[in-house]
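I have placed the structure first, in the form of structure tokens, so that the comments after it can refer back to it.
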Amino acid sequence: MRLQGKKIAVLVAEGVEDLEYFVPAMRLQEEGAQVLTAALDLKPVHGKNGLEITPDAKIESLNADELFALLLPGGWSPDKLRRHSEVKRLVRAMDSQAKTIGIICHGGLVAISAGIMNGRRATGSLGIKDDILNAGGTWADEPA
């Protein structure tokens, strides 16, 4: 198990893309990671397809020093998360420590709002291509 004992936070908000949350979270657990689902509060979150996700922690309580990696699934969730200072603070802290930040689909919106996209090569949903370019990123039209 390559990720045994590593703590990885997955940030979610209402409208997260269900499969982009559940599938990576399960795979990370299969590799031994301790997956921590974090949201703006502890109320259950519903994915775009109606599946319920119960957060383990509030995003404001997370500390980059204690995390191995961060995962930002897509859906409508990133558009909600990107507006909150505690989310941007965590993303910037993870970036400043050169820790892995996994971004899926529209998850790049959070990285853009946190100000970490400049000079980076990125892909995602075609709907955020202009956002990535305008934030100083380089668009990669290829699978990650």
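Under our numbering, think of the first position of the sequence shown as 18, with each following residue one higher.
Don't be surprised by glycine CBs; every beta carbon is placed ideally from N, CA and C.
Residue i - containing beta strand (DSSP E), residue span
i, result
"residue 53", "51 to 56"
"residue 119", "117 to 120"
"residue 88", "86 to 89"
According to DSSP, residues forming a beta bridge with residue i
i, result
"residue 1", "The chain is shown from 18 up to 161; residue 1 falls before or after that span and cannot be answered."
"residue 63", "69"
"residue 156", "139"
"residue 92", "33"
"residue 27", "54 and 88"
Rounded distance between the beta-carbons of residue j and residue i, thought under 8 Å
i, j, result
"residue 28", "residue 89", "6 Å"
"residue 107", "residue 79", "6 Å"
"residue 149", "residue 141", "7 Å"
"residue 76", "residue 54", "The Cβ separation is near 10 Å, so there is no contact."
"residue 11", "residue 49", "Nothing can be reported for residue 11: it is not among the residues displayed for the chain, which extend from 18 to 161."
Cα-Cα separation, residue i to residue j
i, j, result
"residue 30", "residue 160", "25 Å"
"residue 92", "residue 36", "10 Å"
"residue 137", "residue 151", "12 Å"
"residue 131", "residue 101", "10 Å"
"residue 58", "residue 74", "7 Å"
"residue 39", "residue 145", "22 Å"
"residue 153", "residue 135", "4 Å"
Chain C within 8 Å of residue i, Cβ atoms only
i, result
"residue 131", "This model lacks chain C altogether; it includes just one protein chain."
First through last residue of the alpha helix (DSSP H) which encompasses residue i
i, result
"residue 125", "125 to 131"
"residue 78", "Element bounds for residue 78: n/a, residue is neither H nor E."
"residue 103", "102 to 113"
"residue 148", "146 to 151"
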